[in-house]
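Notes for the one structure printed next.
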Amino acid sequence: MIPKRRFDAVIVGGGGAGLRAALQLAEAHLKVALISKVFPTRSHTVSAQGGITAALANVSDDNWHWHMYDTVKGSDYLGDQDAIEFLCRNASSAVYELEHMGLPFSRLDNGKIYQRPFGGQSQNYGGAQAIRTCAAADRTGHALLHTLYQRNIAARTQFFDEFFALDLIRDADGYVLGVTAMEIESGEPWVFEARTTLLATGGACRIFRHSTNAHINTGDGLGMVLRAGLPLEDMEFWQFHPTGIPEVGSLITEAVRGEGGFLVNKLGEKFMANYAPNAKDLASRDVVSRAIAQEIRAGRGCGVHGDYVDLKIEHLGAEKIKARLPGIRELSMQFAGADPITDPIPVTPTAHYMMGGIPSNLHGQVVSPAHYGPEEPVPGLYAAGECACVSVHGANRLGGNSLLDLVVFGRAAGMHMIEYLRENPIPRPLPLAEVEKSMARLARWDRRGGTETVAGLRGEMQRVMQDHCGVYRSEAVLLAGLEKLTLVAARLTDAAIHDHSKHFNTARLEALELENLLPIARATLVSALARTESRGAHSREDHPGRDDKQWLRHSLYFCQNDQLDYKPVKLKPLTVETFQPKERTY
Amino acid sequence: MRFRIYRYDPESIGKPRMQDYEIEFDPQGKKVLDALIALKDGLDESLTFRRSCREGVCGSDGVNVNGRNVLACVTPLEGLKQPIEIRPLPRLPVIRDLIVDMAQFYQHYRAVKPYLINLEPEPESERLQSPEERAELDGLWECILCGCCTTSCPSFWWNPERFLGPAALLQGYRFIADSRDQASGERLDFLEDPYRLFRCHGIMNCVEVCPKGLNPTQAIGKIKTLLVKRAL
Ligand SMILES: Cc1cc2nc3c(=O)[nH]c(=O)nc-3n(C[C@H](O)[C@H](O)[C@H](O)COP(=O)(O)OP(=O)(O)OC[C@H]3O[C@@H](n4cnc5c(N)ncnc54)[C@H](O)[C@@H]3O)c2cc1C
Ligand code: SF4
Ligand code: SF4
Ligand code: FES
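For the protein sequence lines, the chains are A and B, in the order given.
In this text, residue positions in the first sequence follow the working numbering: the first is 1, and each later residue adds one.
In this text, residue positions in the second sequence follow the working numbering: the first is 1001, and each later residue adds one.
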C-alpha cells in the first residue's frame, strides 16, 4: 500500500506564495503539509532581485490608485481590474507585514523602508515617475523567501522537503482531495490527502532555451492541472525581460535602470528615447524588449555577432553600486566578465515570467467553466504565485508586482482555505483509481531500452520555443513551431531513462518535469496562434495592432484536442471606477 | 576535459568509488555545474547532484572541487587542475553521489531560532530602523545556507551534533544584531555553552570558503564579545 497522510491543507511549493499561504494556515492551527521538490530556500523566489512594489510613499508622493492605474495600463488592459484593485489596495499592509516579520529591507535616512523607481511607475495616472519598489539591496527575493521560511519555522509548519508532487487527486464530482507525490530520497510514492490543495509551483520558463529562470522552473503545477482536465489561461503571454545576460540567461534587474542605468547600442546611442520619449529606459518591459530587438535587427547590436546591447552604470560610482547593487555586480563579473563599476553589462531580451497560468480568482480559488460559467470554483483547489493567473498581470507584468502577488494572494488563498475547511469538515472518499493512474504514469519511467533521451527531447523543445515563440511572432513562424513541437512530443513515447535506482533519481525527476513542460509549450503555441492581435508581451508582426473589439478577453486552453475557450476581462474594479482601455504609450 | 567524480548509490552494493570521465567541453566562460550537466545529459544520466538557480543564490550545489568547498554553478572551469576532482561536501552522510544529507545542518539552523522575536504590538506602518542599524545586518542576512562553511570546519567535524557550526552561528548573530529583535538575552543564554559556540577556535576555514564572502568567524567573535560584556 502507498503510504497515506491526511492533512487539512496540502501546499505544493515552498516559494514565496506557498510559504505565505502555509503561514496563514499554520497560524490558524490547522494541519498543513508543505511539499517542495527542493528545500524551500532553494526555490526560485530567492533569485528575485529588484524589489516588491507598494505605494508606501516613503520617497515620492504616491497612493494605491496610481499603482492600480499603472498595473492596468502595464497589463495592456488584459488584467482583471477587480483583482488588480485587490492587489494594489493590500500592497502596503502586505509589505508592512513582511517588515514586521523581520525582512531586512534597506532603509532611508529617516528609518523607513527604502524605495526605488521601476519601469511603468507613475504618479497621478501617467505623470511623473513614481518611486514605488521596496527593496532589500538587490536581493529582495532572498530576503523575502528566507523571512517567510523563518516565520514558518516559528509557526511549526510541517515541511516535506524534496518531495515531488505528481498529480492532483480529483473525484468524479470535481472535488480536489490532495495529491500524489514521490519522496525523492527514497523514490517511494505517497498520497497526501487533504480537503484543500494549493498549487504554488512557480513559473515555467524552462520551456525556452534561454531564460532567467532556475532549472527547477518546469511548471509542474500547470501540468497537473492540464492532466486533471482543467484549463490554463492566457498562455500566449510570456514576459521577455529586456536585460538578461546573453547565453547564460542570468537576470540583470530593472533596478539597475531604476538607479540610473541606461541602454546604449553599438554607436553609443541612448536609443530608448526613440521608442519611449517620456519614460525612456523605464518604459514597460515589453516596450524595452521590443526596442532592443529592433536595434539588434537594424544591425546596431554590440559585439562580434551584434546580438546584444550595453547597459551602462559606471556613472553611478563605485560606492552606490556596491551599496545598492552588490548582487548584480557579482553576477555580472561571474557570468558576463564585466565589472559594472568600469564596464558596460551586455544584455539581451530573455524569457523571464509567465503571465498566464492556472485560472484563479482573488481568493486563490482555481476556476474553470463547468456548469454555469467560466468563474466556477473547482472545490478544494487553489493556486497562488507565478503558477496562477488571477489575472493581475494581464498581457505584461510590471516589475516588483510578482513578489507582491505572492504575498497578497498567498495570504488571500490561505484565508479562503480556512473558510472552506470550516464549511467542509468531512473528508470525501478518495478515488483510488485516480491514484493508480498516477502510479502508472510514474511506473512508465521504469521501462528500459528507449531510443530517445529526456535531455535530447527537452533541448529540442527549448529550441523550438526559442526560435518560434520569441519577442516577435507571426502565423507562419508559430505554425512551423507547432509542427515541430508535435513531432518532438510524439517521440516522448520512445524515451527511456538509463538510471533505474530508486534513490534520489534525478533522471526520473527530469523525465517527469519534461512531461509537464511539453504540454505547457503546446498551450503557449496554440494560444499564441489564435490571438490575432498584438497586446503586451504578445507581438504579432502580422497583426501589429491591439484589437479590443475582438480580443479584450482571456484565452483558456484545454489539452483535450487543443481546445480553446475565452472569457471576458473583468473591467469592473471592486470599489473604484473602471480604467477604460486606451492607447498605451510611455 | 577530464573529471574524477565521487560515486555512491545505496542500491548497488559496493563502496563509494571515484569514477573517471572524459568529455569534449570548451571550458571558456563555463562553470563546474555546466560540466556536470553536460556529463549527465551526454554521458551518464545516473550522475546525481542538486542544482536550482545556477547563479549562486539558492545554495543547492555546494560540492568539494579539487579539495575546496564551492558552489559548482559559480566556480569557473578554467584554471582548475585536471582531472577535476569533485566530491560531496565533507563529513555529512552521503545520500547519493554528490548529494549529502543536510538534516544536521538544518537542525542547527533551526536551533538558533532564526526568526525575529518582538512581542510589542505591531505598529500601523514599518518599524523604524536607521541605515546604520540596518548596516549591522550586512554580511549576515545574505547567507544562502549552502553549507560550504560548516562542512569545512574542523570543530564541526569533531562535534557535529553539539557544535552549531559557522552557518547557524552566523544566523544566530543576524538576529542578535537586529535592532528590532528583543530576544538577545535569551539568544545569548542559549549560545553560552561550551559546545554550541565555544568549540569555535577561530580556524577561519569558514571565512575562506564562503562563496558569498561572508565572515562567520567575525560574527562568532562578536557573540563572544557580547557574552564577555554581559558577564562583567
Ligand atoms: C531572476 C529573477 C528576478 C526576479 N526579480 C523580481 C523582482 O525583483 N520583483 C518581483 O516582484 N518579481 C521578481 N521576479 C519574479 C518572481 O521572483 C517570481 O515570479 C516569484 O518568485 C515566483 O514565486 P512562487 O512562489 O510563485 O514560485 P517559486 O519561488 O518558483 O517556488 C516554486 C515552488 O514550487 C515547488 N515545486 C515546483 N514543482 C513542484 C513539484 N512537482 N513538487 C513539489 N514542489 C514543487 C518548488 O520546489 C518551489 O518551492 C524575478 C524572477 C526572476 C527569474
Ligand atoms: S572559525 Fe570557528 S567556525 Fe569557522 S571554521 Fe574555524 S572553528 Fe569553524
Ligand atoms: S555563511 Fe557562507 S558558506 Fe556558510 S552557509 Fe552561509 S553562504 Fe554558505
Ligand atoms: S545552483 Fe543555486 S547556488 Fe548553485
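The beta carbon of each residue, even a glycine, is placed where N, CA and C say it ideally should be.
Original post:
In or out: residue 168 (chain A) buried (at least 16 other Cβ within 10 Å) or exposed?
Top reply: Sequence index remark: in the first sequence, residue 168 (chain A) carries index 168 (1-based). The Cβ neighbour count for residue 168 (chain A), taken over all protein chains shown within 10 Å, is at least 16; the residue is labelled buried.
Subject >> Cβ neighbours of residue 130 (chain A) in the same chain (closer than 6 Å, five flanking residues each side left out) >> reply: On the first sequence, position 130 is the one that residue 130 (chain A) refers to. If we look at residue 130 (chain A) and ignore the five residues flanking it on each side, its Cβ neighbours are 60, 62, 121, 122 and 123.
Original post:
Hey, quick one: how far does the alpha helix (DSSP H) through residue 256 (chain A) stretch, first residue to last?
Top reply: Residue mapping note: residue 256 (chain A) aligns to position 256 of the first sequence, counting from 1. Residue 256 (chain A) -> alpha helix (DSSP H) spans 255-258.
Original post:
Buried or exposed: which applies to residue 1088 (chain B), given that a residue is buried once 16 or more other Cβ atoms fall within 10 Å of its Cβ?
Top reply: In the second sequence, residue 1088 (chain B) corresponds to position 88, counting from 1. Burial call: buried.
Original post:
Near residue 573 (chain A), what residues of its chain come up, given a Cβ to Cβ distance below 6 Å and the 5 sequence neighbours on each side ignored?
Top reply: Taking the first sequence and counting its residues from 1, the one referred to as residue 573 (chain A) is at position 573. Excluding sequence neighbours, residue 573 (chain A) sits near 81, 82 and 85.
Original post:
Just the residues with CB closer than 7 Å to a heavy atom of ligand 4, in chain order, which are they?
Top reply: A:42, B:1033, B:1051, B:1052, B:1053, B:1054, B:1055, B:1056, B:1057, B:1058, B:1059, B:1060, B:1061, B:1071, B:1072, B:1073, B:1074, B:1144 and B:1146
Subject >> Separation of residue 1172 (chain B) from residue 464 (chain A), as counted between CA atoms >> reply: Indexing the first sequence from 1 puts residue 464 (chain A) at position 464. Indexing the second sequence from 1 puts residue 1172 (chain B) at position 172. Approximately 48 Å, taken between the alpha carbons.
**OP:** Please report the Cβ distance between residue 14 (chain A) and residue 47 (chain A), rounded to the nearest whole angstrom; I am assuming they are in contact, meaning their Cβ atoms lie under 8 Å.
**Re:** By one-based count along the first sequence, residue 14 (chain A) stands at place 14. By one-based count along the first sequence, residue 47 (chain A) stands at place 47. So it is not a contact: roughly 14 Å between Cβ atoms.
Subject >> Whole runs of the alpha helix (DSSP H) within the segment 256-297 of chain A, excluding any shorter than 4 residues >> reply: 272-275 and 285-297
Original post:
Taking the continuous alpha helix (DSSP H) assigned at residue 1105 (chain B), which residues delimit it?
Top reply: As a working mapping, residue 1105 (chain B) is identified with position 105 in the second sequence. Where residue 1105 (chain B) is concerned, the enclosing alpha helix (DSSP H) stretches over 1103-1111.
**OP:** Name the residue from A:223, A:151, A:406 and A:520 whose alpha carbon lies nearest to the alpha carbon of residue 238 (chain A).
**Re:** As a position in the first sequence, residue 238 (chain A) is number 238, starting the count at 1. Out of A:223, A:151, A:406 and A:520, A:520 has the C-alpha closest to the C-alpha of residue 238 (chain A).
Original post:
If you compare alpha carbons, which of A:351, A:402, A:387 and A:515 is closest to residue 365 (chain A)?
Top reply: On the first sequence, position 365 is the one that residue 365 (chain A) refers to. Of the candidates A:351, A:402, A:387 and A:515, the one whose C-alpha sits nearest the C-alpha of residue 365 (chain A) is A:387.
Original post:
Skipping 5 residues on each side, what residues in its chain have a beta carbon closer than 7 Å to that of residue 273 (chain A)?
Top reply: Working through the first sequence from its first residue, we reach residue 273 (chain A) at position 273. So the qualifying residues of the chain are 280.
**OP:** Determine, using beta carbons only, whether residue 99 (chain A) comes closer than 8 Å to chain B.
**Re:** The residue given as residue 99 (chain A) occupies position 99 in the first sequence. By this cut-off, residue 99 (chain A) is an interface position.
Subject >> Coil, strand or helix - residue 163 (chain A) by DSSP >> reply: Reading the first sequence from its first residue, position 163 is the one you call residue 163 (chain A). Here residue 163 (chain A) sits in strand by DSSP.
**OP:** State yes or no: is the C-beta of residue 442 (chain A) nearer than 7 Å to some heavy atom of ligand 1?
**Re:** By one-based count along the first sequence, residue 442 (chain A) stands at place 442. Incorrect: residue 442 (chain A) has no Cβ contact closer than 7 Å to ligand 1.
Original post:
From the beta carbon of residue 239 (chain A), is the nearest beta carbon of chain B less than 8 Å away?
Top reply: Indexing the first sequence from 1 puts residue 239 (chain A) at position 239. No, no contact with chain B.
Subject >> Distance cut-off 7 Å: residue 1210 (chain B) Cβ against heavy atoms of ligand 3 >> reply: Your numbering for residue 1210 (chain B) matches position 210 in the second sequence. At least one heavy atom of ligand 3 is nearer than 7 Å to the Cβ of residue 1210 (chain B), so yes.
**OP:** Grab the span of the alpha helix (DSSP H) containing residue 551 (chain A) for me, first residue to last.
**Re:** As a working note, residue 551 (chain A) is residue 551 in the first sequence. From DSSP, the alpha helix (DSSP H) with residue 551 (chain A) extends over 548-551.
Original post:
In chain A, what lies closer than 7 Å to residue 1129 (chain B) by C-beta?
Top reply: The residue labelled residue 1129 (chain B) in the question sits at position 129 within the second sequence. Within 7 Å Cβ-Cβ: 107 and 111.
Original post:
Would a check of beta-carbon distances place residue 1151 (chain B) closer than 8 Å to chain A?
Top reply: Within the second sequence, the letter at position 151 stands for residue 1151 (chain B). No, its Cβ sits nowhere closer than 8 Å to a Cβ of chain A.
Original post:
What residues of chain B sit near residue 209 (chain A), judged by a beta carbon separation below 7 Å?
Top reply: One-based indexing of the first sequence puts residue 209 (chain A) at position 209. Ordered by position in chain B, no residue passes the 7 Å Cβ test against residue 209 (chain A), which lies about 14 Å from the chain.
**OP:** Show which residues of chain D have a CB atom less than 7 Å away from the CB atom of residue 150 (chain A).
**Re:** Protein chains A and B are contained in the structure displayed, whereas chain D is not.
Subject >> Contacts that residue 1059 (chain B) makes with chain A (C-beta to C-beta distance below 9 Å) >> reply: Position 59 of the second sequence, counted from the start, is the residue given in the question as residue 1059 (chain B). The answer, in chain order, is 39, 41, 42 and 46.
Original post:
CB of residue 1205 (chain B) to nearest heavy atom of ligand 2: below 7 Å?
Top reply: Reading the second sequence from its first residue, position 205 is the one you call residue 1205 (chain B). Yes, ligand 2 has a heavy atom inside 7 Å of this Cβ.
Original post:
Of the residues A:450, A:452, A:451 and A:485, which one's Cα is nearest the Cα of residue 466 (chain A)?
Top reply: Position 466 of the first sequence, counting from 1, holds the residue named residue 466 (chain A). It is A:485 whose Cα lies nearest to the Cα of residue 466 (chain A).
Subject >> Cutoff 8 Å: residue 329 (chain A) Cβ touching any chain B Cβ >> reply: To locate residue 329 (chain A), count along the first sequence from 1; it is residue 329. Chain B, which has no Cβ nearer than 8 Å to the Cβ of residue 329 (chain A), makes this no.
**OP:** Tell me whether residue 354 (chain A) is buried or exposed, calling it buried when 16 or more other Cβ atoms sit within 10 Å of its Cβ.
**Re:** Position 354 of the first sequence, counted from the first residue, corresponds to residue 354 (chain A). Residue 354 (chain A) counts as buried, since no fewer than 16 other beta carbons sit within 10 angstroms of its beta carbon.
Subject >> Those residues which DSSP pairs with residue 1017 (chain B) across a bridge >> reply: Start at 1 with the first residue of the second sequence, and residue 1017 (chain B) comes out as number 17. Under DSSP, residue 1017 (chain B) shares a beta bridge with B:1007.
Original post:
How about residue 280 (chain A): is its C-beta nearer than 8 Å to some C-beta of chain B?
Top reply: What you label residue 280 (chain A) is simply residue 280 of the first sequence in a count that begins at 1. Cβ-Cβ to chain B under 8 Å: no for residue 280 (chain A).
**OP:** Tell me, please, which residues DSSP counts as bridged to residue 67 (chain A).
**Re:** To locate residue 67 (chain A), count along the first sequence from 1; it is residue 67. Beta-bridge pairing links residue 67 (chain A) to no other residue.
Original post:
Within this structure, are the beta carbons of residue 16 (chain A) and residue 103 (chain A) separated by less than 8 Å?
Top reply: If you number the first sequence from 1, residue 16 (chain A) lands on position 16. If you number the first sequence from 1, residue 103 (chain A) lands on position 103. For residue 16 (chain A) and residue 103 (chain A), no; Cβs fall outside 8 Å.
**OP:** Determine, using beta carbons only, whether residue 484 (chain A) comes closer than 8 Å to chain B.
**Re:** For the purposes of this step, residue 484 (chain A) is taken as residue 484 along the first sequence, with counting starting at 1. It does not; no Cβ of chain B falls within 8 Å.
Subject >> Distance between residue 1097 (chain B) and residue 30 (chain A) (C-alpha atoms, nearest Å) >> reply: Within the first sequence, the letter at position 30 stands for residue 30 (chain A). Within the second sequence, the letter at position 97 stands for residue 1097 (chain B). Taking the straight line from one Cα to the other gives about 38 Å.
**OP:** Could you tell me whether any non-hydrogen atom of ligand 2 is closer than 7 Å to the CB of residue 1160 (chain B)?
**Re:** Along the second sequence, one-based indexing puts residue 1160 (chain B) at 160. No, Cβ of residue 1160 (chain B) sits at least 7 Å from all heavy atoms of ligand 2.
Subject >> Contact set between the segment 1087-1107 of chain B and chain A, restricted to residues whose Cβ is under 9 Å from the partner >> reply: 1095, 1096, 1097, 1099, 1101, 1102 and 1106
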